[in-house]
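Peer 1:
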Amino acid sequence: MSRYSLQRVYTNVMFGLIGRLLQASSQRDEIVRREVAEFPDEFVFSMGLWPATDAFELQKRDGRFWWLRKKERREPTLAIRFKHISLAFSVMSFQRSTAVSFTGDRIIADGDVTQALRIVRCLDRMMAVVLPSFIARRMVKRMPRIGFGDKLAIAIRVYAQMVANLLVGR
Amino acid sequence: MRGYFEFFSPVKIVAGEKALEHIPFELASLGSKRPMVITDKGVREAGLVRPVEAALSEADVPVAAVFDSVPPDSSKTVVTEIATVYRETQADALIAVGGGSVIDTAKGVNILVSEGGDDIEAYSGSGALTRKLKPFFVIPTTSGTGSEVTLVAVIKDVERGLKLPFASSFLLPDAAILDPRMTLKLPPQLTAATAMDAMTHAVESFISLAKNPVSDAYATGAIRKIAENVVPTIKNPSDAHLRLELSVAATMAGIAFSNAMVGLVHALGHSVGARCHVHHGTCMSILLPHVLRYNLDARRNEIGELLLPLAGADVYASTPKGQRAEAAIAALDSLKDELHELTGLPRSLSEAEKVEREDLEPIAKMSLDDGSLIYNAVEADFDDALGVLQNAW
Numbered sequence: 001m002s003r004y005s006l007q008r009v010y011t012n013v014m015f016g017l018i019g020r021l022l023q024a025s026s027q028r029d030e031i032v033r034r035e036v037a038e039f040p041d042e043f044v045f046s047m048g049l050w051p052a053t054d055a056f057e058l059q060k061r062d063g064r065f066w067w068l069r070k071k072e073r074r075e076p077t078l079a080i081r082f083k084h085i086s087l088a089f090s091v092m093s094f095q096r097s098t099a100v101s102f103t104g105d106r107i108i109a110d111g112d113v114t115q116a117l118r119i120v121r122c123l124d125r126m127m128a129v130v131l132p133s134f135i136a137r138r139m140v141k142r143m144p145r146i147g148f149g150d151k152l153a154i155a156i157r158v159y160a161q162m163v164a165n166l167l168v169g170r
Numbered sequence: 171m172r173g174y175f176e177f178f179s180p181v182k183i184v185a186g187e188k189a190l191e192h193i194p195f196e197l198a199s200l201g202s203k204r205p206m207v208i209t210d211k212g213v214r215e216a217g218l219v220r221p222v223e224a225a226l227s228e229a230d231v232p233v234a235a236v237f238d239s240v241p242p243d244s245s246k247t248v249v250t251e252i253a254t255v256y257r258e259t260q261a262d263a264l265i266a267v268g269g270g271s272v273i274d275t276a277k278g279v280n281i282l283v284s285e286g287g288d289d290i291e292a293y294s295g296s297g298a299l300t301r302k303l304k305p306f307f308v309i310p311t312t313s314g315t316g317s318e319v320t321l322v323a324v325i326k327d328v329e330r331g332l333k334l335p336f337a338s339s340f341l342l343p344d345a346a347i348l349d350p351r352m353t354l355k356l357p358p359q360l361t362a363a364t365a366m367d368a369m370t371h372a373v374e375s376f377i378s379l380a381k382n383p384v385s386d387a388y389a390t391g392a393i394r395k396i397a398e399n400v401v402p403t404i405k406n407p408s409d410a411h412l413r414l415e416l417s418v419a420a421t422m423a424g425i426a427f428s429n430a431m432v433g434l435v436h437a438l439g440h441s442v443g444a445r446c447h448v449h450h451g452t453c454m455s456i457l458l459p460h461v462l463r464y465n466l467d468a469r470r471n472e473i474g475e476l477l478l479p480l481a482g483a484d485v486y487a488s489t490p491k492g493q494r495a496e497a498a499i500a501a502l503d504s505l506k507d508e509l510h511e512l513t514g515l516p517r518s519l520s521e522a523e524k525v526e527r528e529d530l531e532p533i534a535k536m537s538l539d540d541g542s543l544i545y546n547a548v549e550a551d552f553d554d555a556l557g558v559l560q561n562a563w
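Chains as they are written, first to last, in the numbering used here: chain Z, 1 to 170; chain C, 171 to 563.
#1: Helix, strand or coil: which one does DSSP assign to C:L332?
#2: Under a Cβ-count criterion, where at least 16 other Cβ atoms within 10 Å of its own Cβ denotes burial, should C:S131 be classed as buried or exposed?
#3: Which chain Z residues are close to C:V485, counting only those with a beta carbon under 7 Å from its beta carbon?
#4: Please classify C:K491: is it buried, with 16 or more other beta-carbons within 10 angstroms of its beta-carbon, or exposed?
#5: Contact check, C:A363 vs C:A392 under 8 Å by CB: the rounded distance?
#6: Do C:S244 and C:D210 have their CB atoms nearer than 8 Å?
#7: Between which residues of its own chain and C:L457 is the CB-CB distance below 6 Å, once the five residues before and five after are set aside?
#8: Ignore the nearest five residues each way along the sequence and tell me which others in C:V384's own chain have a CB closer than 8 Å to its CB.
#9: Can you check the region 263–344 of chain C for any beta strand (DSSP E) of at least 3 residues that lies completely inside it and give the ranges in chain order?
#10: Identify every residue that forms a DSSP beta bridge with C:V236.
#11: Where does the unbroken alpha helix (DSSP H) through C:M454 begin, and where does it stop?
#12: What are the boundary residues of the alpha helix (DSSP H) that Z:A155 is part of?
#13: Could you tell me which residues DSSP puts in a beta bridge with Z:W67?
#14: When the Cα of C:I533 is compared with those of C:G557, C:E521 and C:I544, which residue comes out closest?
#15: Is the Cβ-Cβ distance between C:L348 and C:V322 less than 8 Å?
#16: For C:V213, which three-state DSSP category applies?
#17: Give me, in chain order, the residues of the same chain whose beta-carbon lies closer than 8 Å to that of C:A410; leave out the 5 immediate sequence neighbours on both sides.
#18: When every heavy atom of the ligand NAD is checked, does at least one fall within less than 7 Å of the C-beta of C:V219?
#19: At the level of alpha carbons, what is the spacing between Z:L47 and Z:I80?
#20: Applying the 10 Å Cβ sphere with the 16-neighbour rule, what's the burial state of C:N406?
#21: With a threshold of 8 Å between beta-carbons, can C:D327 be considered close to chain Z, or not?
#22: Based on DSSP bridge pairs, tell me the residues matched to Z:L78.
#23: For C:V421, count the other beta carbons within 10 Å of its own beta carbon; 16 or more makes it buried, fewer makes it exposed. Which is it?
#24: What's the gap between the Cα of C:G268 and the Cα of C:T311?
#25: Chain A beta carbons: is any one of them nearer than 8 Å to that of C:A380?
#26: Name the chain Z residues whose beta carbon is nearer than 8 Å to that of C:L174?
#27: Assign C:T421 to one of three DSSP states: helix, strand, or coil.
#28: One question on the structure: do Z:G19 and Z:L49 come within less than 8 Å of each other, judged by their Cβ atoms?
#29: Check whether the region 30–42 of chain Z touches the region 121–132 of chain Z, counting contact only when three or more Cβ pairs, one atom from each stretch, lie closer than 8 Å.
#30: Closer than 8 Å, Cβ to Cβ, to anything on chain Z: give me those residues from the region 313–346 of chain C, in chain order.
#31: Run through the DSSP bridge pairs and tell me what Z:D110 is partnered with.
#32: Would you list, in chain order, the members of the region 53–68 of chain Z that have their beta-carbon closer than 7 Å to a beta-carbon of chain C?
#33: Using a Cβ-Cβ distance cut-off of 8 Å, determine whether C:E549 contacts chain Z.
#34: By the criterion of Cβ-Cβ separation under 7 Å, what are the contact partners of C:L543 in chain Z?
#35: Are Z:L78 and Z:G104 close, meaning C-beta to C-beta below 8 Å?
#36: Can you give the Cα-Cα distance for C:T315 and C:L476, rounded to whole angstroms?
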């Protein structure tokens with residue numbers, strides 16, 4: 001077993017979770033939904049490890065993200081890839097924020113800069129809502145102006161939607 | 171300091187008195203014998219191509235062609251047109267003489283003449299270029315954009331109304347030639363605006379999330395040179411030494427921001443420019459102090475450190491540490507006032523006379539999609555961006 005094997009297993013699970021949560025947020029969080037609506041139809045976003053090991057692909061259709069099964073995957077419009085497993089692990093284990101990784105040359109964003117920024121905003125919003133505040137604060141530049149009750153309500157809706165998506169296999 | 175950084179700046183800087191006369195040697199060292207010059211009408215009419223041609227002819231270097239019709243916005247069709255001339259005249263190197271548009275156009279031409287084809291769009295984005303391009307020299311005629319040391323170019327597809335971005339280290343010129351003769355005739359307000367553009371590059375890179383010790387050194391060096399020389403240059407426009415100081419500062423600021431990037435000032439400024447056509451340097455000058463105030467809590471230490479290059483050692487030493495950030499912003503405000511008095515450079519968006527109050531909301535919205543925003547230390551949403559714009563009104 002290589003020194004990175006455990007990190008790889010953990011990171012793959014977390015990539016999947018992030019993809020599923022982002023998909024559910026596009027359905028259940030009005031702020032993320034509005035951001036996703038701005039992507040062109042058929043836009044495909046992937047996330048994974050450089051050079052081309054994408055952990056998940058999401059496609060925008062009908063104003064929301066859809067999870068693409070392996071056989072449905074295609075060339076992504078925007079791919080965000082970490083340069084190394086250990087760099088992905090540091091983000092997935094909440095040691096380093098997405099913005100710091102992005103600005104610190106740890107990530108390669110292959111695609112349109114505006115779309116990359118929009119995805120980072122979606123990821124930040126999603127993490128700020130679904131993660132406990134003491135973790136989310138380390139992951140985003142600024143916590144959204146949202147009360148605890150609202151945060152909890154949106155988080156419950158997002159998690160419930162994620163489970164529903166998993167049950168129907170989409 | 172961040173735990174990790176990258177820094178890359180391979181452009182040879184050839185700067186000073188009679189720098190143009192070094193071009194033949196620099197061309198020869200890259201195996202080039204027949205350069206093509208790319209410029210625009212304004213630069214040629216100002217007589218700025220003549221000393222370049224003279225320097226080349228004196229060393230028996232034939233100029234393959236001079237293309238002097240680059241439009242104010244670099245365009246895809248012009249890039250193709252120039253590439254055709256380059257091939258027909260059997261040129262083997264490019265010399266760009268001009269400002270940001272000329273330099274971006276020349277970068278685009280270099281892609282086509284090196285990689286082949288007529289469709290520049292095929293090389294759009296980052297990562298499309300994988301090998302060294304043709305020898306390429308840049309002679310800036312303004313002291314502001316820093317394009318002579320940046321690895322990006324933006325070329326317009328006029329027919330479709332799109333801006334095509336290009337990013338590759340292979341777009342970097344082989345040399346930047348900084349000769350004071352090239353900026354001697356720059357009018358006072360343009361001198362002030364371009365200097366403030368360079369000042370903003372340096373300041374924003376110094377407070378950016380991607381700042382690093384090497385970019386910091388370039389940034390503070392540039393800030394000091396601009397703060398010390400911009401007003402004397404405007405008062406003594408024909409002083410070649412002062413002009414050179416500003417040119418070198420602009421290049422140093424370009425190296426700093428090419429590696430540490432810029433932030434909210436540029437995100438807002440790009441949108442003001444795109445919607446209301448205010449000169450880029452003017453936008454930067456207007457917005458810079460307001461964005462520094464917005465970033466004050468998160469970047470108090472860094473902004474405070476700027477007082478040393480902005481105001482000098484005596485002022486820095488006599489200002490209590492806790493007040494240095496405010497003093498640095500005040501120094502920039504004073505500089506804006508002085509430049510306004512000397513050249514009429516607008517201090518606010520309303521003084522710029524091209525921006526209406528109803529433009530502010532669309533500008534704020536547009537700025538949220540600007541790539542610079544992610545490098546700003548403080549998150550900025552629509553309300554925040556609008557707030558800064560209203561303060562700058």
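We treat Cβ as the ideally placed atom computed from N, Cα and C, and that holds for glycine.
Peer 2: Here's the rundown:
#1: Translated into positions along the second sequence, residue 332 of chain C becomes position 162. Correct three-state label for C:L332: strand.
#2: In the structure as shown, chain C begins at 171 and stops at 563. Residue 131 of chain C is therefore absent and cannot be evaluated.
#3: Position 315 of the second sequence, counting from 1, holds the residue named residue 485 of chain C. Against chain Z, the beta carbon of C:V485 has no neighbour under 7 Å; the closest one sits roughly 31 Å away.
#4: Within the second sequence, residue 491 of chain C is the residue found at index 321, counting from 1. Of the residues assessed, C:K491 falls on the exposed side of the cut-off, its CB having fewer than 16 other CB atoms within 10 angstroms.
#5: Locating residue 363 of chain C in the second sequence gives position 193, counting from the first residue. Locating residue 392 of chain C in the second sequence gives position 222, counting from the first residue. Contact between C:A363 and C:A392 does not hold, since their C-beta atoms are separated by about 16 Å, which reaches or exceeds 8 Å.
#6: Here residue 244 of chain C refers to the residue found at position 74 when the second sequence is read from its first residue. Here residue 210 of chain C refers to the residue found at position 40 when the second sequence is read from its first residue. No, these two residues do not count as a Cβ contact at 8 Å.
#7: Position 287 of the second sequence, counted from the start, is the residue given in the question as residue 457 of chain C. Closer than 6 Å at Cβ, skipping near neighbours: V435, L438, G439 and A562.
#8: By 1-based counting over the second sequence, the position of residue 384 of chain C is 214. Within its own chain, the residues whose Cβ lies closer than 8 Å to the Cβ of C:V384, once the five positions on either side in sequence are excluded, are F175, F177 and N429, listed in chain order.
#9: Every unbroken stretch of the beta strand (DSSP E) spanning 3 or more residues and falling wholly within the region 263–344 of chain C is given here in chain order: 263–268, 306–310, 322–327 and 332–337.
#10: One-based indexing of the second sequence puts residue 236 of chain C at position 66. DSSP output for C:V236 lists C:V207 as bridge partner(s).
#11: Along the second sequence, one-based indexing puts residue 454 of chain C at 284. Start and end: H450 to Y464.
#12: Within the first sequence, residue 155 of chain Z is the residue found at index 155, counting from 1. For Z:A155, the enclosing alpha helix (DSSP H) begins and ends at F148 to V168.
#13: Position 67 of the first sequence, counting from 1, holds the residue named residue 67 of chain Z. The partner list for Z:W67 (beta bridge, DSSP) reads Z:L58.
#14: Counting from one through the second sequence, the residue named residue 533 of chain C turns up at place 363. The residue among C:G557, C:E521 and C:I544 with its C-alpha nearest the C-alpha of C:I533 is C:G557.
#15: Translated into positions along the second sequence, residue 348 of chain C becomes position 178. Translated into positions along the second sequence, residue 322 of chain C becomes position 152. It is not a contact, given that the beta carbons lie outside the stated cut-off.
#16: As a working mapping, residue 213 of chain C is identified with position 43 in the second sequence. Under the three-state reduction of DSSP, C:V213 is assigned to helix.
#17: The residue labelled residue 410 of chain C in the question sits at position 240 within the second sequence. Within the same chain, Cβ atoms closer than 8 Å to the Cβ of C:A410 are found at E187, P350, R351 and L354, the five residues on either side in sequence being excluded.
#18: Here there are no bound small molecules, and the ligand NAD is not part of this structure.
#19: Position 47 of the first sequence, counting from 1, holds the residue named residue 47 of chain Z. Position 80 of the first sequence, counting from 1, holds the residue named residue 80 of chain Z. Looking at the sequence itself, residue 47 of chain Z is Met, so the reference to Leu does not match. Computed Cα separation, rounded: 5 Å.
#20: Stepping through the second sequence from its first residue, residue 406 of chain C is reached at position 236. C:N406 comes out exposed.
#21: Walking along the second sequence from the start, residue 327 of chain C turns up at place 157. With 8 Å as the cut-off, C:D327 does not count as an interface residue toward chain Z.
#22: Taking the first residue of the first sequence as position 1, residue 78 of chain Z is located at position 78. As DSSP reads the structure, Z:L78 sits in a beta bridge with Z:F45.
#23: Taking the first residue of the second sequence as 1, we reach residue 421 of chain C at position 251. A small fix is needed here, since residue 421 of chain C is Thr in this sequence, not Val. Result: buried.
#24: For the purposes of this step, residue 268 of chain C is taken as residue 98 along the second sequence, with counting starting at 1. For the purposes of this step, residue 311 of chain C is taken as residue 141 along the second sequence, with counting starting at 1. About 5 Å.
#25: The structure shown has no chain A; the protein chains it does contain are Z and C.
#26: For this step, residue 174 of chain C is matched to residue 4 along the second sequence. Leu is not the amino acid found at residue 174 of chain C; the sequence shown has Tyr there. For C:Y174, the residues of chain Z that pass the 8 Å Cβ criterion are G104, D105 and R106, in the order they occur in the chain.
#27: Here the question's residue 421 of chain C lines up with position 251 in the second sequence. In this structure, C:T421 counts as helix in the three-state DSSP scheme.
#28: Residue numbering aside, residue 19 of chain Z sits at position 19 when the first sequence is read from its first letter. Residue numbering aside, residue 49 of chain Z sits at position 49 when the first sequence is read from its first letter. No; because the gap between Cβ atoms is not below 8 Å, this pair is not in contact.
#29: A contact exists between the region 30–42 of chain Z and the region 121–132 of chain Z.
#30: Hits within the stretch, in order: P335.
#31: Locating residue 110 of chain Z in the first sequence gives position 110, where the first residue counts as 1. Note: Z:D110 sits in a beta bridge opposite Z:A79.
#32: Correct list: empty, as no residue qualifies.
#33: Residue 549 of chain C sits at position 379 when you count from the first residue of the second sequence. Interface residue, yes.
#34: Position 373 of the second sequence, counted from the start, is the residue given in the question as residue 543 of chain C. Going along chain Z in sequence order, the residues near C:L543 (Cβ under 7 Å) are L117.
#35: Here residue 78 of chain Z refers to the residue found at position 78 of the first sequence. Here residue 104 of chain Z refers to the residue found at position 104 of the first sequence. Their beta carbons are not under 8 Å apart, which means Z:L78 does not touch Z:G104 by this criterion.
#36: One-based indexing of the second sequence puts residue 315 of chain C at position 145. One-based indexing of the second sequence puts residue 476 of chain C at position 306. If I take the Cα positions, the gap works out to 21 Å.
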